[in-house]
Amino acid sequence: MDSSVTTTAELPIHVNAARVVARPALMALQHAGRFGMMLLELIRAIPEWRAWLPRAFEQCQAVGYGSLFIVVLSAAFSGGVAAYQAGYQFTGKVPVYIVGAIISESVILELGPVMTGLLLAGRVGARYAAELGTMRVTEQLDALESLGRNPASHLLLPRVLAGLVMLPVLVVVADATGMAAGWLAAKGSIHISNTDFVYGTQRFFRTFDLWYSVIKAEAFGAVVTIIPCYVGFEAKEGAEGVGRATTAAVVASCVLILLLDLLLAKLLL
2 MDSSVTTTAE
12 LPIHVNAARV
22 VARPALMALQ
32 HAGRFGMMLL
42 ELIRAIPEWR
52 AWLPRAFEQC
62 QAVGYGSLFI
72 VVLSAAFSGG
82 VAAYQAGYQF
92 TGKVPVYIVG
102 AIISESVILE
112 LGPVMTGLLL
122 AGRVGARYAA
132 ELGTMRVTEQ
142 LDALESLGRN
152 PASHLLLPRV
162 LAGLVMLPVL
172 VVVADATGMA
182 AGWLAAKGSI
192 HISNTDFVYG
202 TQRFFRTFDL
212 WYSVIKAEAF
222 GAVVTIIPCY
232 VGFEAKEGAE
242 GVGRATTAAV
252 VASCVLILLL
262 DLLLAKLLL
């Protein structure tokens, strides 16, 4: 009798523990399957270039030109901060031309790509998630499918291509702006000469640094477009669901950008 009572009392604990483990695992597998199907639909939509090509140009203009000001502004601040910190930490301890190398390498390898990726995750990723989420909860996507149109070629692929094309361009602009701002800040703070700055930049510069910056930009461009498109495409429960999807898209994109930054540095450097 006592053993029967003990077994009955312990049963809910084991069942609840199984649910705690199984439910997140099932949800993760479900999202993985849906995400894989979305990627497959994107690949299948590539031959439908008449549908996605004109929309891709529109999205490129919105992503590139629309984000140019904030990218240039953040890159200028990042380059200036790098110059002031390098001057504070290394003046009098190392040759002054080392400051030029520190500024250029920090901007090209890290600050330019990462800051641009995070900014576009907030600006572009949030917009994509909100747009597609609103279309989903208002049944616009269902209406598009009922008319025989493929949402992947009309909505998803143009946005993804815009990120893959324009984010490397914006990163190159950010790198150039950050180096120029760092140059001016270093001249004003530690009075480095143009010759010393250029010498330090050239001495430690490697051609692969630019390729590394572009590779990171491509990876970040995929993250800030594909993840928000998926999250917005799967939005539910009206306006509240759209808000949750937008927040989740931005958070997931930022976390993945930082994770990819670590992995790419480990693999490529």
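Using my numbering, the first residue of the sequence shown is number 2, and each one after it goes up by one. Here a beta-carbon is modelled for each residue, glycine too, at the ideal position from N, C-alpha and C.
Rounded to whole angstroms, what's the CA-CA distance from residue i to residue j? Just pull it up for me.
i: I1; j: A186; result: The requested residue 1 is not part of the displayed model; the chain covers only 2 to 270.
i: G1; j: D176; result: Here the chain covers residues 2 to 270 and nothing more, so residue 1 does not appear.
i: M39; j: L158; result: 10 angstroms
i: T178; j: G113; result: 9 angstroms
i: A240; j: M136; result: 11 angstroms
i: V64; j: A57; result: 10 angstroms
i: K217; j: L168; result: 10 angstroms
i: T92; j: F36; result: 51 angstroms
i: K94; j: A29; result: 52 angstroms
i: T98; j: G126; result: The sequence given here has Tyr at residue 98, not Thr. Each residue's Cα considered, the two are about 39 angstroms apart.
i: A23; j: V166; result: 40 angstroms
i: V199; j: P96; result: 13 angstroms
i: Q90; j: V172; result: 27 angstroms
i: V243; j: A253; result: 15 angstroms
i: T7; j: P25; result: At T7, the pLDDT of 48 sits below 50, so the modelled position is not reliable; the number obtained from the coordinates is stated separately. Approximately 29 angstroms between the Cα atoms of the pair.
i: Q141; j: L148; result: 11 angstroms
i: I258; j: G189; result: 33 angstroms
i: Q203; j: F209; result: 13 angstroms
i: L268; j: L261; result: 10 angstroms
i: A77; j: E146; result: 45 angstroms
Under a Cβ-count criterion, where at least 16 other Cβ atoms within 10 Å of its own Cβ denotes burial, should residue i be classed as buried or exposed?
i: Y213; result: buried
i: R51; result: exposed
i: L263; result: exposed
i: I44; result: exposed
i: T196; result: exposed
i: E235; result: buried
i: R160; result: buried
i: L270; result: exposed
i: G139; result: One detail in the question is off: residue 139 reads as Thr in this sequence, not Gly. It is exposed - the Cβ of T139 has fewer than 16 other Cβ atoms within 10 Å.
i: T117; result: buried
i: Q31; result: exposed
i: Q62; result: exposed
Flag this pair as yes or no: are the beta carbons of residue i and residue j separated by less than 9 angstroms?
i: A163; j: A46; result: no
i: A220; j: L265; result: yes
i: A130; j: T247; result: yes
i: L120; j: S194; result: no
i: W184; j: G88; result: no
i: V174; j: L27; result: no
i: A122; j: V215; result: no
i: R124; j: G34; result: no
Smallest Cα separation from residue i: which of the options?
i: L156; options: A83, L119 and E42; result: E42
i: R150; options: W53, L30 and R35; result: W53
i: L211; options: S107, S147, S68 and P229; result: S107
i: V232; options: R128, P96 and T117; result: R128
i: P245; options: P229, I258 and L260; result: According to the sequence displayed, residue 245 carries Arg and not Pro. That would be P229, whose Cα lies nearest to the Cα of R245.
i: V256; options: V115, A84 and G201; result: V115
i: E132; options: A23, T226 and A253; result: T226
i: G181; options: E49, I109, L268 and L142; result: The amino acid occupying residue 181 in the given sequence is Ala; Gly does not appear at that position. Among E49, I109, L268 and L142, the Cα nearest to that of A181 is on I109.
i: E205; options: K267, A122, V251 and S105; result: Glu is not the amino acid found at residue 205; the sequence shown has Phe there. Ranking the options by Cα distance to F205, first place goes to S105.
i: V170; options: V72, F78 and G34; result: V72
i: H192; options: Q31, L260 and A84; result: A84
i: E111; options: G201, P55 and S79; result: S79
Residue i bridges to which residues according to DSSP?
i: V95; result: T92
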